[in-house]
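A.B. asks: Before anything else, here's the structure in question.
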Amino acid sequence: MTFGEWLKWFGNLFVKEILTYFIDPASRFILIVPLIIQIFLFGYTATFDLNHAPIAVLNESHGKYSQQLVAQVGASPTFYIRRYLQNASQMKDELNPRDSLAIVHIQSDFDSKLAQGKEGPVQIITDGRNSTTAGLAAAELSMIIQDFNHRYVGVPEGINVEMRAWYNPNLQTQWNIVTALIGTLSFIQVLMLSALSVAREREYGTFDQLLVSPYRPFEILLAKATPPIFIGIAQTFIVVLFAVFWFDIPMRGSLLPLYFGIFIFTLSTVGTGLAISSISQTMQQAMIFSFVLIVPMVILSGLVTPVYNMPEILQVLTYADPLRFALEYVHGVYLENLSISELWGQLLPMLITAVITLPFAAFFFRRSL
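Position 16 of the sequence shown, counted from 1, bears residue number 16 in full-length UniProt numbering, the numbering being contiguous throughout.
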């Protein structure tokens, strides 16, 4: 059989596999709609940026300087003053039900001390139950107060610090989250599709039909692996379109190196998924095994918390997580315009994972025959 004849021969099996995902309306719905929903959910809700956050103000001074400070805090787009407190006993009632993220407490001797050239006492009280947003609120309020010092009180600046952020000039969490979805959503979808592929045949009673077909086990496994790869790459293209045209996140790199890395990453993911599918007797088992892997791999990837903030033992475990290197690769191409030659440190672990998982998948598949 020539290579062209083999391609035609294999193409028939590939078409059969791809049709299993698209012939059913429910399957088409699962492939497209959850992807778009997750893009919007993560893009708009999974952010640590403060925007119009509610705060309260307790101004016990009521002088010129304190009124100017309150006005400057209220003019910030980061906060809005939802309530002016009358006394300190109201602060607990404001923070306990999470009505306000922070309270700015200007003490009674604020104006008199500033008039004497002394430091005016201002207390920032935050809701520490969410340490991340509390820290951001305290830092932002401190910057507003520092700006007030320079503008109204005339405190000498001393050192002028000019801050610049590369790759994400406005320090928007959305840029990090949405670009990370290029790898994360592809990982989840490809792993689930490949994990269910062989288990579906067993559950529907068509696995024996495949075995008695003229196709070799290698060809069957290859046909099972190919559609999830194509679907995963197509879904990353959809995420890129949303990132560029909906969220206005400029892509500094090019598509070719981006999709080269995504292809390597999907190979490693498909190998893991097919290994799960080969040892699963039912689709329910395959889904359980998949979720057991998805949750820790997403957490260890650095999407939720930076890898360098993890305990050392967990940092070591992240080297076995291809999603970690996929996210670093995507950020490197998309935000930093790095080339493939500069990202071999991320490509190599994904290649190693693919080289290990794909033979394992073939081994488990042969054992299940």
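Ideal Cβ placement from N, Cα and C applies to all residues, glycine included.
How many whole angstroms separate the CB atoms of Ile177 and Ala326, which I take to be in contact at a CB cut-off of 8 Å?
C.D. replies: Wrong, their Cβ atoms sit about 15 Å apart, outside the cutoff.
A.B. asks: With Arg83 as the anchor, note down where its alpha helix (DSSP H) starts and where it stops.
C.D. replies: Segment Phe79 to Tyr84 is the beta strand (DSSP E) holding Arg83; no alpha helix (DSSP H) there.
A.B. asks: Throw me the rounded Cβ distance for the Ile356 and Phe260 pair, which I believe falls under 8 Å.
C.D. replies: 20 Å between Cβ atoms; not a contact.
A.B. asks: Starting from Val292, trace the beta strand (DSSP E) both ways and give me its first and last residue.
C.D. replies: Run containing Val292: none in the beta strand (DSSP E); it sits in the alpha helix (DSSP H), Met283 to Leu300.
A.B. asks: Where Ile39 and Pro214 are concerned, what is the direct C-alpha to C-alpha distance, given to the nearest angstrom?
C.D. replies: Going by the C-alpha atoms only, they are around 42 Å apart.
A.B. asks: Spell out the partners DSSP gives Gln123 in its beta bridges.
C.D. replies: According to DSSP, which records beta bridges pairwise, Gln123 is partnered with His105.
A.B. asks: Once you ignore the five residues that flank Arg366 on each side, which residues in its own chain have a CB closer than 8 Å to its CB?
C.D. replies: Cβ neighbours of Arg366 beyond the five flanking positions: Pro217.
A.B. asks: Could you check the C-alpha separation between Ala199 and Leu211 for me, to the nearest Å?
C.D. replies: Looking at the two C-alpha atoms, the distance is approximately 14 Å.
A.B. asks: Return the CA-CA distance between His95 and Ala137, expressed in angstroms with no decimal places.
C.D. replies: The residue asked about is misnamed: residue 95 is Leu in this sequence, not His. The alpha-carbon atoms of Leu95 and Ala137 are separated by roughly 14 Å.
A.B. asks: Here's the rule: buried if 16 or more other CB atoms are within 10 angstroms of the residue's CB, otherwise exposed. What is Ala362?
C.D. replies: Counting Cβ neighbours within 10 Å, Ala362 comes out buried, since at least 16 surround it.
A.B. asks: Could you say if the segment 217 to 235 and the segment 301 to 316 meet the contact criterion of at least three C-beta pairs nearer than 8 Å?
C.D. replies: Because the criterion of three Cβ pairs below 8 Å is not met, the segment 217 to 235 and the segment 301 to 316 do not touch.
A.B. asks: Are there three or more Cβ pairs, one per stretch, closer than 8 Å when the segment 48 to 58 is compared with the segment 83 to 92?
C.D. replies: Segments in contact, yes.
A.B. asks: If you draw a straight line from the alpha carbon of Asn160 to that of Leu171, how long is it in whole angstroms?
C.D. replies: Model confidence at Asn160 stands at a pLDDT of 48, short of 50, so the residue's coordinates are unreliable; what they give is reported in the following sentence. Going by the C-alpha atoms only, they are around 20 Å apart.
A.B. asks: Cutting at 7 Å between CB atoms, please list the residues of its own chain near Glu157, excluding the five before and the five after it.
C.D. replies: Confidence at Glu157 is low in this model, with a pLDDT of 49, below 50, so the placement of that residue should be treated as unreliable; the coordinate-derived value is given next. Result list for Glu157: His150, in chain order.
A.B. asks: Closer than 8 Å is the cut-off here; do at least three beta carbon pairs connect the segment 174 to 191 with the segment 228 to 239?
C.D. replies: The segment 174 to 191 vs the segment 228 to 239: in contact.
A.B. asks: Please identify the residue among Pro296, Met283, Val304 and Val330 whose C-alpha is closest to the C-alpha of Leu256.
C.D. replies: For Leu256, the nearest C-alpha among the options comes from Val330.
A.B. asks: Is it buried or exposed for Gly271, if we count other Cβ within 10 angstroms and need 16 for buried?
C.D. replies: Buried, because 16 or more other Cβ atoms sit within 10 Å of the Cβ of Gly271.
A.B. asks: How is Ile159 classed by DSSP in three states: helix, strand or coil?
C.D. replies: Caution is warranted here: a pLDDT of 44 is assigned to Ile159, below 50, making its placement in the model unreliable, and no coordinate value can be reported.
A.B. asks: Of the choices Leu181, Gln285 and Phe364, whose alpha-carbon is the least far from that of Ser301?
C.D. replies: When only C-alpha atoms are compared, the closest one is Leu181.
A.B. asks: In whole angstroms, what is the alpha-carbon distance linking Met287 and Val73?
C.D. replies: In a straight line, the C-alpha of Met287 is about 50 Å away from that of Val73.
A.B. asks: Have a look at the DSSP bridge pairing and note the partners of Asn59.
C.D. replies: The partner list for Asn59 (beta bridge, DSSP) reads Ile106.
A.B. asks: Taking 8 Å as the threshold (C-beta atoms), are Met283 and Leu196 in contact?
C.D. replies: Result yes, Cβ atoms of Leu196 and Met283 sit closer than 8 Å.
A.B. asks: Which value, in whole angstroms, describes the spacing of the CA atoms of Thr179 and Ala243?
C.D. replies: Distance between the alpha carbons of Thr179 and Ala243: 7 Å.
A.B. asks: Can you find the residues in the same chain that come closer than 8 Å, C-beta to C-beta, to Phe48, ignoring five residues on each side of it along the sequence?
C.D. replies: Excluding positions up to five away in sequence, the list reads Thr132, Thr133, Leu136 and Thr173.
A.B. asks: Exposed or buried, which one is Val104 when buried takes at least 16 other CB atoms within 10 Å?
C.D. replies: Buried, since its Cβ has 16 or more Cβ neighbours within 10 Å.
A.B. asks: Going along the chain, which unbroken runs of the beta strand (DSSP E) with 3 or more residues stay wholly within the segment 299 to 348?
C.D. replies: Runs of the beta strand (DSSP E) inside the segment 299 to 348: none found.
A.B. asks: Can you give me the C-alpha to C-alpha distance between Phe263 and Phe207, rounded to a whole angstrom?
C.D. replies: C-alpha separation (whole angstroms): 28 Å.
A.B. asks: Using 10 angstroms around the beta-carbon of Met143, count the other beta-carbons present and answer buried if the total reaches 16, otherwise exposed.
C.D. replies: Exposed, since its Cβ has fewer than 16 Cβ neighbours within 10 Å.
A.B. asks: Just how far apart, CA to CA, sit Ile276 and Phe289?
C.D. replies: Taking the straight line from one Cα to the other gives about 7 Å.
A.B. asks: Please report the Cβ distance between Glu119 and Leu50, rounded to the nearest whole angstrom; I am assuming they are in contact, meaning their Cβ atoms lie under 8 Å.
C.D. replies: Contact flag wrong, Cβ pair sits at about 26 Å.
A.B. asks: For a quick check, are the C-beta atoms of Asp321 and Met297 less than 8 Å apart?
C.D. replies: Result yes, Cβ atoms of Asp321 and Met297 sit closer than 8 Å.
A.B. asks: What are the boundary residues of the alpha helix (DSSP H) that includes Asp147?
C.D. replies: From DSSP, the alpha helix (DSSP H) with Asp147 extends over Ser131 to Phe148.
A.B. asks: Can the beta-carbon of Ile249 be found closer than 8 Å to that of Trp175?
C.D. replies: Yes. Within cutoff.
A.B. asks: Between the beta-carbon of Val295 and the beta-carbon of Gly232, is there less than 8 Å?
C.D. replies: Cβ distance not < 8 Å, so Val295 and Gly232 don't count as in contact.
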